[in-house]
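**Student:** Chains as they are written, first to last, in this note's numbering: chain A, 773 to 1069; chain B, 557 to 814; chain C, 372 to 713. If you scroll down you'll find the structure; I have some questions about it.
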Amino acid sequence: MDFSTFLQQLVNGASLGSMYALIAIGYTMVYGVLRLINFAHGDIMMVGAFLTLMGVTAGLPFPLAVLLGIIGTVIVGILTDKIAYKPLREAPKISLLITAIGISFFLENLFNVIFGGIPKAFPAPDYLTKVMHLGEIYLPVTVIIIPVVTVLILGGVLWVLYRTKYGMAIRALAFDIPTVKLMGVDADRIITIVFALGSALAAIGGVFYAISYPSIDPLMGVIVGLKAFAAAVLGGIGSVTGAVIGGFILGFTEIFVVALFPELGGYKDAFAFFFLILVLLFRPTGIMGEDLERSRF
Amino acid sequence: MSNPLLEIRNVTMKFGGVTAIDNLSFKVPSDAIYGLIGPNGAGKTTIFNIITGNYQPTEGTVVFDGEDITGTKPHKVVAKGIARTFQNIRLFKSMSVLQNILIGFHDQIPYTYLEAVLRLPRYHGYERRIRAEAIGILEEFGIADYAENNATALSYGNQRKVEIARALATKPKLLLLDEPAAGMNPSETEDLSNIIHKIKKDYDLTILLIEHDMKFVNAMCDTVTVLDYGEKIFEGPPAEAIVNEKVVAAYLGDFTHA
Amino acid sequence: MKNAIVKLLLILLTLGFIAWANQTLDSYTLSILNNIGIFAILALSYNLINGVTGQFSLEPNGFVAIGAYFAALFLIPSSDKIDMFALVDPAPIILQMQASFLPAILIGGIAATLIALLLSFPVFRVRGDYLAIVTLGFGFIIRIFALNSPAYTNGAMGLNDIPEVANFMWIGTIALITLIVMLHIVYSKYGRAMKAVRDDEDAATAMGINTFRIKTVAFMTSAFFEGIGGGLLASFLTTITPDQFSFLLTFQLLIIIVLGGLGSMTGALLATILVMGSMEWLRFLDDDMVIFGMHTGAHPGMRMVVFAILLIVMMLFARKGLFGDREIHEIIRDKFKKKGKV
């Protein structure tokens, strides 16, 4: 592989990894505080992309459409928790998981009914579709913007988690819910914040996806969501830093393996699955290694 | 004492920066009713979890019946002859009282999956046998009438009995009871106390129990070890423990400890 | 003794019904019965790992696909394969795979079982709820492999002209066998252990149960019958493609076992009949409807939205489903039984 191709793929990997990272954070945070794999989270990303599409089709300037898309997605995320998950806080875990799958299926089919199953083109503004030439490398502007914006966002998330009292409450909640409640923390409020934050990030991820790929469809969140979760496990479920690391590792792996071995192209989507299996076999706590599943005696 | 049934040797348990158990040693003789007492958070349940293999001690060994069983996997510890109950009664909520007891017999039933599916004679033979044994145990506890009731429908005191009966079904040599009298009124406590004495005799058991209720401890135990902040501060007869300075201070909370 | 006689009678009656139906009923009704039969097999198996053992899994579509492909490859005559594999030539081993009906179906089941065993190691040795994600991903992986290995699976074109041996005699009888096997498992020390793991895994361990082993056994059993169901499906439909085994299949089974009552085998059976029946009936939701004088327009997929809402509503308000986790004869018996007054 020559240097310019390497650079090209590096940037592609960073872009893809960013998307996985943004979505993986939502998974890992919800799992951290609720021990729930929110199956609907990947579909939340899809909701973000479609709501933004609606804004754009309605004639709104792109940044406004994105903002409204994010807000709308946050509302959907919070509502999901309030309507479907919160009533089942004390119920057996399997009920919660089944409901999450139900929500996922609901969102997919709802948007399928509203928008139709045919993939929709996402009209990104011109300044985002420009392609730059650096020597022999062709860099769509998106491929630079996405990782940069993602890193900024991640910085913000980490700041919230480690420098604000809400962030501290989130981290405490991930550790031990009953005790935290006894200390007067409004657990429900914190959980709502977690869903809001996760949904916002997923929405941004959805917009990034929409501007990177030719079209969006109601099932786009499914595979991406699965992979993002695998990335979260790879990085260490419950750890935001881990989710980011896992996301980027997965992104780079997908890009580079296919670049080096084009015949494996069709299997690209399977890499995440193999990472997942390998992690569970050899290091279940993932790269950041927090053991959330200490048995409670 | 001639070979103790259970020996805790220099066990230390650290969780991250917290030392839950600090260099603890004690011996439980065969045939004893031994008490583990101390204020909340002293580490009593942690010791149970170390004995049953749920936790691997940072240092030290657990010797049972002459064998080092430190760190043995929990489901294998049962086969060695140690059974336990839990502080907050953990019965199988979807099952009847009888079915809960039958679980205790799991390891003792040798028929294979295939034999169960094909309903070969071995299946029928063992099912009949353990059912009879289970009813027998329930009769010892005086709750055989409730055999077909869902386990959660029983009174708290009776649920505790079911839990103990279930542990008994595993045919243990050592029975670990974690606060068996918790949440019981005086008459239930006395009932429990009688039953424990009875099963100890009938089933030839050694009993290690965690308790708060000093009257109960006094009535039941030959010897107690008192824990405070993971350390042993006293070992001896319960009557002496009650008047021991250190023990009293631990329970009342020494004001200099702030 | 009385139980055994009743049981035998019920079995004979059912077999009689199957034989009669297979001979007498028209092909449309039979195809509905066959559909119900196959879904019953799948629902009963899915219920074992999910409902009885309480391990949330999304495995059916993956194992059904495996069973279907293996059975199909063993059933299709070699000569047909050479013509059928349009994209590339079939791999030599594919041409060697030949078996008669029952062995082919069994091979499908065994293949699924072995894969379930492999998956058990990463999933069950670890605490945590990874089974669902791994099985969800597994379903996708199977599809990816089916698409990308044309020498083995004929890729996107799938396999057709699968010998149509699966009639109601086969499907009905195997469904009956599945029901009996599942009930025998549930009413044995293994079923009790599975339920114990579901109710309280730590307490189950404290009773000497090797929870890893029990979960694996349950998972492998579910996989086996799902594989069998897949083989029957392949022979029933005579054509299979990678896209047929999508998550939708698992979702339908999930609705079925929740409706029947997680853990209840007879409940799952009843729910299969109800759901498969109403799937057809609810097709009208996909069409143009007139509500209060207004046309809704045709919206394919509306049916699925309604089903999703139904599942969520069930989980929120009727989690126990129809039979809870008990079997129909227990429910009937409890109405009459003498129990100690508590």
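In this text, a Cβ means the ideal position worked out from N, Cα and C, and glycines have one as well. These numbers come from a predicted model, not from an experiment.
With distances taken between CB atoms, is the gap from residue 798(A) to residue 974(A) smaller than 8 Å?
**Tutor:** Numbered from 1 along the first sequence, position 26 holds the residue referred to as residue 798(A). Numbered from 1 along the first sequence, position 202 holds the residue referred to as residue 974(A). Yes, Cβ-Cβ distance for residue 798(A) and residue 974(A) is below 8 Å.
**Student:** Does any CB atom of chain A fall closer than 8 Å to the CB of residue 382(C)?
**Tutor:** Here residue 382(C) refers to the residue found at position 11 when the third sequence is read from its first residue. It does not: the Cβ of residue 382(C) has no partner Cβ on chain A nearer than 8 Å.
**Student:** Check distances from the C-beta atoms of the segment 845 to 871 of chain A to those of chain C and list, in chain order, the residues that come in under 9 Å.
**Tutor:** Of all residues in the segment 845 to 871 of chain A, 855, 856, 859, 860, 863, 864, 865, 866, 867, 868, 869, 870, 871 have a Cβ within less than 9 Å of some Cβ in chain C.
**Student:** Runs of 4 residues minimum, wholly inside the segment 954 to 1018 of chain A: which ones carry the alpha helix (DSSP H) assignment?
**Tutor:** Correct list: 959 to 984, 992 to 1007.
**Student:** Could you give the first and the last residue of the continuous beta strand (DSSP E) run that contains residue 564(B)?
**Tutor:** Stepping through the second sequence from its first residue, residue 564(B) is reached at position 8. From DSSP, the beta strand (DSSP E) with residue 564(B) extends over 562 to 571.
**Student:** Counting only the same chain and skipping the five closest in sequence on each side, list residues whose C-beta sits under 6 Å from that of residue 814(B).
**Tutor:** Position 258 of the second sequence, counted from the start, is the residue given in the question as residue 814(B). The predicted model places residue 814(B) with a pLDDT of 40, which falls under 50 and marks its position as unreliable; any figure quoted below should be read in that light. Around residue 814(B): no qualifying Cβ.
**Student:** Throw me the rounded Cβ distance for the residue 1051(A) and residue 1040(A) pair, which I believe falls under 8 Å.
**Tutor:** For the purposes of this step, residue 1051(A) is identified with residue 279 of the first sequence, where counting begins at 1. For the purposes of this step, residue 1040(A) is identified with residue 268 of the first sequence, where counting begins at 1. Going by Cβ atoms, the distance from residue 1051(A) to residue 1040(A) rounds to 18 Å, so no, they are not a contact pair.
**Student:** Just the Cα atoms here: how many angstroms apart are residue 1045(A) and residue 574(B)?
**Tutor:** As a first step, residue 1045(A) must be located in the first sequence, where it is residue number 273. As a first step, residue 574(B) must be located in the second sequence, where it is residue number 18. When rounded, the distance between both Cα atoms is 37 Å.
**Student:** With 8 Å as the threshold, decide whether the Cβ of residue 579(C) is near any Cβ in chain B.
**Tutor:** Taking the first residue of the third sequence as position 1, residue 579(C) is located at position 208. Yes, its Cβ sits closer than 8 Å to a Cβ of chain B.
**Student:** Does the segment 796 to 811 of chain A touch the segment 1012 to 1028 of chain A, meaning 3 or more C-beta pairs lie closer than 8 Å?
**Tutor:** With a cut-off of 8 Å, the segment 796 to 811 of chain A and the segment 1012 to 1028 of chain A count as touching, because enough Cβ pairs lie within range.
**Student:** Are the CB atoms of residue 556(C) and residue 587(C) nearer to each other than 8 Å?
**Tutor:** Along the third sequence, one-based indexing puts residue 556(C) at 185. Along the third sequence, one-based indexing puts residue 587(C) at 216. It is not a contact, given that the beta carbons lie outside the stated cut-off.
**Student:** From this set, 646(B), 644(B), 625(B), which residue's C-alpha is nearest residue 638(B)'s C-alpha?
**Tutor:** Mapped onto the second sequence, residue 638(B) falls at position 82. Selected option, being the one with the closest Cα: 625(B).
**Student:** In the segment 601 to 649 of chain B, which residue ranges form an unbroken beta strand (DSSP E) of at least 3 residues, counting only runs that do not cross its ends?
**Tutor:** Fully enclosed beta strand (DSSP E) runs of 3 or longer: 615 to 620, 638 to 640.
**Student:** Run through the DSSP bridge pairs and tell me what residue 497(C) is partnered with.
**Tutor:** Reading the third sequence from its first residue, position 126 is the one you call residue 497(C). Looking at the DSSP assignment, residue 497(C) forms no beta bridge with any residue, so it has no partner.
**Student:** DSSP beta-bridge partners for residue 582(B)?
**Tutor:** By 1-based counting over the second sequence, the position of residue 582(B) is 26. Bridge partners of residue 582(B): 564(B).
**Student:** In the DSSP assignment, what are the bridge partners of residue 665(C)?
**Tutor:** For the purposes of this step, residue 665(C) is taken as residue 294 along the third sequence, with counting starting at 1. Looking at the DSSP assignment, residue 665(C) forms a beta bridge with 662(C).
**Student:** Within 10 angstroms of the Cβ of residue 394(C), are there 16 or more other Cβ atoms? Answer buried if so, exposed if not.
**Tutor:** Taking the first residue of the third sequence as 1, we reach residue 394(C) at position 23. Classification of residue 394(C): exposed, given that the 10 Å Cβ count is below 16.
**Student:** In or out: residue 577(B) buried (at least 16 other Cβ within 10 Å) or exposed?
**Tutor:** Position 21 of the second sequence, counted from the start, is the residue given in the question as residue 577(B). The residue in question, residue 577(B), is buried, as its Cβ has 16 or more Cβ neighbours within 10 Å.
**Student:** Mind checking who residue 764(B) pairs with in its DSSP beta bridge?
**Tutor:** In the second sequence, counting from the first residue as 1, residue 764(B) sits at position 208. Paired residues: 590(B), 732(B).
**Student:** The beta strand (DSSP E) spanning residue 790(B) covers which residue range?
**Tutor:** To locate residue 790(B), count along the second sequence from 1; it is residue 234. Per DSSP, residue 790(B) belongs to the beta strand (DSSP E) from 787 to 792.
**Student:** Would a C-beta distance cut-off of 8 Å place residue 458(C) and residue 525(C) closer than the cut-off?
**Tutor:** Residue mapping note: residue 458(C) aligns to position 87 of the third sequence, counting from 1. Residue mapping note: residue 525(C) aligns to position 154 of the third sequence, counting from 1. Yes. Within cutoff.
**Student:** Chain C beta carbons: is any one of them nearer than 8 Å to that of residue 783(B)?
**Tutor:** To locate residue 783(B), count along the second sequence from 1; it is residue 227. No - not a single Cβ of chain C is within 8 Å of the one on residue 783(B).
**Student:** For residue 372(C), is the classification buried or exposed, using 16 other Cβ atoms within 10 angstroms of its Cβ as the cut-off for buried?
**Tutor:** Position 1 of the third sequence, counting from 1, holds the residue named residue 372(C). The residue in question, residue 372(C), is exposed, as its Cβ has fewer than 16 Cβ neighbours within 10 Å.
**Student:** Between residue 752(B) and chain C, is any beta-carbon pair separated by less than 8 Å?
**Tutor:** By 1-based counting over the second sequence, the position of residue 752(B) is 196. Taking Cβ atoms only, chain C never reaches closer than 8 Å to residue 752(B), which makes this a no.
**Student:** Mind checking who residue 911(A) pairs with in its DSSP beta bridge?
**Tutor:** Here residue 911(A) refers to the residue found at position 139 when the first sequence is read from its first residue. For residue 911(A), which the question treats as bridged, DSSP gives the partners 904(A).
**Student:** Bridge partners of residue 652(B), per DSSP?
**Tutor:** What you label residue 652(B) is simply residue 96 of the second sequence in a count that begins at 1. Partner(s): 706(B).
**Student:** Report all residues from its chain with a CB closer than 6 Å to the CB of residue 569(C); omit the five preceding and five following residues, and keep chain order.
**Tutor:** Indexing the third sequence from 1 puts residue 569(C) at position 198. Result list for residue 569(C): 424, 425, in chain order.
**Student:** How about residue 437(C) and residue 601(C): are their beta carbons less than 8 Å apart?
**Tutor:** Translated into positions along the third sequence, residue 437(C) becomes position 66. Translated into positions along the third sequence, residue 601(C) becomes position 230. For residue 437(C) and residue 601(C), yes; Cβs fall inside 8 Å.
**Student:** Residue 435(C): which of 654(C), 663(C), 614(C), 562(C) sits nearest, CA to CA?
**Tutor:** Residue 435(C) sits at position 64 when you count from the first residue of the third sequence. Comparing Cα-Cα distances from residue 435(C) to each of 654(C), 663(C), 614(C), 562(C), the minimum goes to 614(C).
**Student:** Do we get a CB-CB distance below 8 Å when we pair residue 523(C) with the residues of chain B?
**Tutor:** Against the third sequence, residue 523(C) aligns to sequence position 152. Residue 523(C) does not count as touching chain B.
**Student:** Is the separation between the beta-carbon of residue 707(B) and that of residue 653(B) shorter than 8 Å?
**Tutor:** Looking up residue 707(B) in the second sequence gives position 151. Looking up residue 653(B) in the second sequence gives position 97. Against a cut-off of 8 Å, the Cβ pair of residue 653(B) and residue 707(B) comes out as a contact.
**Student:** Shorter than 8 Å from the beta carbon of residue 555(C) to some beta carbon of chain B?
**Tutor:** Within the third sequence, the letter at position 184 stands for residue 555(C). Yes, contact with chain B.
**Student:** Is it the case that the CB of residue 643(B) approaches a heavy atom of the ligand NAD more closely than 7 Å?
**Tutor:** This structure simply doesn't include the ligand NAD, nor any ligand for that matter.
**Student:** Which residues, in chain order, does the segment 646 to 657 of chain C contribute to contact with chain E at a C-beta distance below 8 Å?
**Tutor:** Chain labels in this structure do not include chain E; the protein chains are A, B and C.
**Student:** What are the partner residues of residue 574(B), as DSSP defines its beta bridges?
**Tutor:** Along the second sequence, read from residue 1 onward, the residue named residue 574(B) stands at position 18. For residue 574(B), which the question treats as bridged, DSSP gives the partners 571(B).
**Student:** Could you give the first and the last residue of the continuous alpha helix (DSSP H) run that contains residue 653(C)?
**Tutor:** Locating residue 653(C) in the third sequence gives position 282, where the first residue counts as 1. Residue 653(C) -> no alpha helix (DSSP H), and no H or E assigned at all.
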